[in-house]
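*Asks:* Using this note's numbering, the letters of the sequence shown map in sequence onto residues 31 to 153.
Note that CB positions come from ideal geometry on N, CA and C, so glycine has one too.
On a predicted model such as this, the values are computed, not experimentally measured, just so you know.
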Amino acid sequence: MSGCRARVRTWDCSAGSRRQSLTRLGDGEALNREHPDTFHIPSRDERENLKPGDLAKLLFEVVDPAPGSITAERMWVQVTEVAADGYVGSLDNDPQVLTSMRPGSRIEFQAHHVIATWDDGPV
(Lines of atoms letter the chains of each structure in order from A; the text may use other names.)
(Lines give C-alpha, C1' and ligand atoms only; values in the text may rest on other atoms or scores of the structure.)
Protein backbone atom coordinates (compact mmCIF):
# COMPACT_ATOMS: atom_id res chain seq x y z
CA MET A 31 0.00 0.00 0.00
CA SER A 32 1.46 3.35 -0.94
CA GLY A 33 2.45 5.07 2.27
CA CYS A 34 1.37 2.02 4.30
CA ARG A 35 2.60 2.05 7.85
CA ALA A 36 3.23 -1.59 8.65
CA ARG A 37 4.63 -0.48 11.98
CA VAL A 38 3.19 2.05 14.38
CA ARG A 39 5.38 3.72 16.99
CA THR A 40 4.07 3.17 20.52
CA TRP A 41 5.37 3.24 24.07
CA ASP A 42 5.71 0.28 26.39
CA CYS A 43 5.51 1.41 30.00
CA SER A 44 5.78 -2.05 31.54
CA ALA A 45 8.41 -2.83 34.18
CA GLY A 46 8.28 0.79 35.37
CA SER A 47 10.36 2.14 32.52
CA ARG A 48 9.25 3.94 29.44
CA ARG A 49 10.84 2.22 26.48
CA GLN A 50 9.96 2.72 22.86
CA SER A 51 8.48 -0.27 21.08
CA LEU A 52 6.90 -0.83 17.71
CA THR A 53 3.70 -2.52 16.74
CA ARG A 54 2.71 -4.12 13.48
CA LEU A 55 -0.60 -5.31 12.15
CA GLY A 56 -1.04 -9.06 12.46
CA ASP A 57 -1.74 -11.04 9.30
CA GLY A 58 -5.17 -12.60 9.85
CA GLU A 59 -4.87 -14.82 6.78
CA ALA A 60 -1.57 -16.29 8.00
CA LEU A 61 -2.98 -16.90 11.49
CA ASN A 62 -6.03 -18.59 9.96
CA ARG A 63 -3.77 -20.86 7.86
CA GLU A 64 -1.72 -21.76 10.95
CA HIS A 65 -4.78 -22.38 13.16
CA PRO A 66 -7.76 -23.10 10.87
CA ASP A 67 -9.84 -24.80 13.57
CA THR A 68 -9.55 -22.01 16.13
CA PHE A 69 -8.67 -18.74 14.35
CA HIS A 70 -11.60 -17.89 12.12
CA ILE A 71 -11.70 -14.83 9.86
CA PRO A 72 -14.37 -13.39 7.54
CA SER A 73 -14.46 -14.57 3.94
CA ARG A 74 -12.03 -13.03 1.47
CA ASP A 75 -14.96 -11.40 -0.33
CA GLU A 76 -16.14 -9.73 2.88
CA ARG A 77 -12.62 -8.55 3.79
CA GLU A 78 -11.99 -7.17 0.29
CA ASN A 79 -15.30 -5.28 0.04
CA LEU A 80 -15.38 -3.11 3.12
CA LYS A 81 -16.77 0.38 2.69
CA PRO A 82 -16.58 3.63 4.65
CA GLY A 83 -18.44 3.26 7.94
CA ASP A 84 -17.75 -0.49 8.26
CA LEU A 85 -15.94 -1.76 11.35
CA ALA A 86 -13.02 -4.15 11.00
CA LYS A 87 -11.16 -5.77 13.88
CA LEU A 88 -7.38 -5.76 13.51
CA LEU A 89 -4.65 -7.41 15.56
CA PHE A 90 -1.92 -5.00 16.70
CA GLU A 91 1.19 -7.04 17.59
CA VAL A 92 4.04 -5.69 19.72
CA VAL A 93 7.40 -6.12 17.98
CA ASP A 94 10.02 -7.47 20.39
CA PRO A 95 7.86 -7.39 23.56
CA ALA A 96 9.41 -7.33 27.01
CA PRO A 97 9.49 -10.74 28.72
CA GLY A 98 6.18 -11.49 30.39
CA SER A 99 4.39 -8.54 28.79
CA ILE A 100 1.24 -8.62 26.67
CA THR A 101 2.16 -9.17 23.03
CA ALA A 102 -0.92 -7.97 21.14
CA GLU A 103 -4.23 -6.15 21.31
CA ARG A 104 -7.30 -6.66 19.13
CA MET A 105 -9.09 -3.43 18.30
CA TRP A 106 -11.86 -2.13 16.07
CA VAL A 107 -11.09 0.28 13.25
CA GLN A 108 -13.80 2.17 11.36
CA VAL A 109 -13.11 2.33 7.63
CA THR A 110 -12.92 5.95 6.47
CA GLU A 111 -11.50 5.47 3.00
CA VAL A 112 -11.12 2.71 0.41
CA ALA A 113 -7.84 2.88 -1.51
CA ALA A 114 -6.79 0.91 -4.58
CA ASP A 115 -4.59 -1.34 -2.43
CA GLY A 116 -6.31 -1.32 0.95
CA TYR A 117 -8.11 0.80 3.49
CA VAL A 118 -7.64 3.79 5.74
CA GLY A 119 -9.47 3.78 9.02
CA SER A 120 -9.87 5.44 12.39
CA LEU A 121 -9.23 3.54 15.63
CA ASP A 122 -12.61 2.97 17.29
CA ASN A 123 -11.33 1.57 20.61
CA ASP A 124 -9.83 2.84 23.82
CA PRO A 125 -6.57 0.85 23.83
CA GLN A 126 -5.82 -0.99 27.07
CA VAL A 127 -2.31 -2.18 26.22
CA LEU A 128 -1.06 0.14 23.47
CA THR A 129 -1.94 3.24 25.43
CA SER A 130 -0.01 5.65 23.22
CA MET A 131 -2.62 5.01 20.55
CA ARG A 132 -5.84 6.95 20.90
CA PRO A 133 -9.37 6.62 19.57
CA GLY A 134 -9.35 8.28 16.17
CA SER A 135 -5.73 7.30 15.34
CA ARG A 136 -5.28 6.87 11.59
CA ILE A 137 -4.65 3.25 10.61
CA GLU A 138 -3.77 2.01 7.11
CA PHE A 139 -4.44 -1.67 6.49
CA GLN A 140 -5.21 -4.32 3.91
CA ALA A 141 -7.78 -7.09 3.66
CA HIS A 142 -5.38 -9.74 4.99
CA HIS A 143 -5.14 -7.81 8.29
CA VAL A 144 -8.89 -8.06 9.00
CA ILE A 145 -9.69 -10.70 11.63
CA ALA A 146 -13.38 -9.83 12.10
CA THR A 147 -16.07 -7.47 10.94
CA TRP A 148 -18.88 -6.08 13.08
CA ASP A 149 -21.40 -8.39 11.40
CA ASP A 150 -19.34 -11.37 12.62
CA GLY A 151 -20.12 -10.42 16.20
CA PRO A 152 -17.58 -9.71 18.93
CA VAL A 153 -14.26 -11.57 18.81
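(1) Is I71 near R104, with beta carbons less than 9 Å apart?
(2) Taking the alpha-carbon positions, what's the F69 to N62 distance?
(3) Kindly list the residues whose CB is nearer than 7 Å to the CB of N123, restricted to its own chain and excluding five residues on each side of it in sequence; keep chain order.
(4) From this set, T147, F139, G119, L128, which residue's C-alpha is nearest I100's C-alpha?
(5) From the DSSP output, in three-state form, read off A113 for me.
(6) Can you name, in chain order, every residue of its own chain whose Cβ lies under 6 Å from the Cβ of L89, other than the five neighbours on each side?
*Replies:* Let me lay it out:
(1) Counted from its first residue, the sequence shown places residue 71 at position 41. Counted from its first residue, the sequence shown places residue 104 at position 74. No, Cβ-Cβ distance for I71 and R104 is not below 9 Å.
(2) Taking the sequence shown and counting its residues from 1, the one referred to as residue 69 is at position 39. Taking the sequence shown and counting its residues from 1, the one referred to as residue 62 is at position 32. The alpha-carbon atoms of F69 and N62 are separated by roughly 5 Å.
(3) Position 93 of the sequence shown, counting from 1, holds the residue named residue 123. Sequence-distant partners of N123 (beyond 5 residues in either direction) whose C-beta falls short of 7 Å from its own C-beta, in its chain, are M105, W106, P133.
(4) Looking up residue 100 in the sequence shown gives position 70. It is L128.
(5) Mapped onto the sequence shown, residue 113 falls at position 83. Residue state for A113 is assigned as strand, using DSSP reduced to three classes.
(6) Walking along the sequence shown from the start, residue 89 turns up at place 59. Closer than 6 Å at Cβ, skipping near neighbours: G56, A102, R104, I145.
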